[in-house]
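Peer 1: I have a structure I would like to understand better, so I am pasting it below and will then ask my questions one at a time.
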Amino acid sequence: MGTQRQGADRAASVLTDGSAVAMISANGWSRRGLLAGSAILTAGGAAAAKADRLTDGVVILIDSNEPHVMGHAISYSANLAKHFADKGAKLPIEVVANGKGIDIFRADKTPLVEPLATLRQSLPNLSYSMCASSKAIAEAKEQVSIPLISGASLVPFGIGRVVDLQLKGWAYIHA
C-alpha cells in the first residue's frame, strides 16, 4: 500500500492557480485536459460506431423449445431484415440455438422445417447455428443421432458464438 501511495504522490502534484486546482501528471498533462481529450475521442468513436451499426449484424439466441418462442425467432429475423432493407441495408442475422432451443433446428423434432427453409431462401444474409455441446448432451441423453435441418451449422458453444458476435459489434436479441 505504501509503495502504491508513493507512486501516486510522484505521478501527480497539486498546483493552485488562483481560482482552480489542476492535477498535473509527471509528463505535464493536466487531468482536465486528459478528460476533455478522452471525451472528444469517445464522442468521435461513438459517432463512428453508430454510423457503422448497419453493417454489423444481429444475433438472436433461442434457448427454449416452446413453439411460441421458436416463432419469435422467425418473426424477429423477418422483421429485422425488412426493417433494414427499407433503409437500404442488408443486415446479417444469425439465429443461434442453445440448450433446449436446439429443437428448432432438429430435423426430427422441429415443427418449423418449412417456415425456416422459406425464410432462409428469402433472406440470403440469414444463418442458423446450433450449439454442438447442447447437441452432444441431447444425443447422449436420448441415445440417438440428431439430424439438423438443411442450412443449419454447428458451433462449438452457442453462448460462445453469441459473445463472439457481440464482441464484433453485433446486436443481441434473446427470443
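In the numbering used here, the protein residues as written are 184 to 358.
For every residue, glycine included, the Cβ atom is placed at its ideal position computed from N, Cα and C.
1. Mark Ala-300 as exposed unless 16 or more other C-beta atoms lie within 10 angstroms of its C-beta, in which case mark it buried.
2. Assuming Ala-323 is part of the alpha helix (DSSP H), what are its boundary residues?
3. May I ask you to verify whether the segment 247-265 touches the segment 334-352, counting CB pairs closer than 8 Å and requiring at least 3?
4. What do you get for Phe-281, buried or exposed, if any count of 16 or more other CB atoms within 10 angstroms of its CB means buried?
5. Report all residues from its chain with a CB closer than 6 Å to the CB of Leu-337; omit the five preceding and five following residues, and keep chain order.
6. Provide the residue span of the beta strand (DSSP E) that contains Leu-285, from first to last.
7. Taking C-alpha atoms, which residue in Lys-270, Ile-276, Asp-269 lies nearest to Ser-260?
8. Compare the Cα-Cα distances from Ala-321 to each of Arg-289, Ile-245, Arg-344 and report the closest residue.
9. Check whether the Cβ atoms of Ile-243 and Ile-356 sit closer than 8 Å, and answer yes or no.
Peer 2: Taking the coordinates as given:
1. Ala-300 counts as exposed, since fewer than 16 other beta carbons sit within 10 angstroms of its beta carbon.
2. 315-325 is the span of the alpha helix (DSSP H), which, as asked, contains Ala-323.
3. Contact fails: fewer than three Cβ-Cβ distances are below 8 Å.
4. Before going further, note that residue 281 is Asn rather than Phe in the sequence given. By the neighbour-count criterion, in which 16 or more other beta carbons inside 10 Å mark a residue as buried, Asn-281 falls on the buried side.
5. Taking C-beta separations shorter than 6 Å and ignoring five residues to either side along the sequence, the partners of Leu-337 in its chain run Met-313, Ala-315, following chain order.
6. Note that residue 285 is Ile in the sequence shown, not Leu. Careful: Ile-285 lies outside any beta strand (DSSP E) and carries neither H nor E.
7. Per the C-alpha coordinates, the member of Lys-270, Ile-276, Asp-269 positioned closest to Ser-260 is Ile-276.
8. Each of Arg-289, Ile-245, Arg-344 was checked against the Cα of Ala-321, and the nearest Cα belongs to Arg-289.
9. With contacts defined as CB atoms closer than 8 Å, Ile-243 and Ile-356 qualify as a contacting pair.
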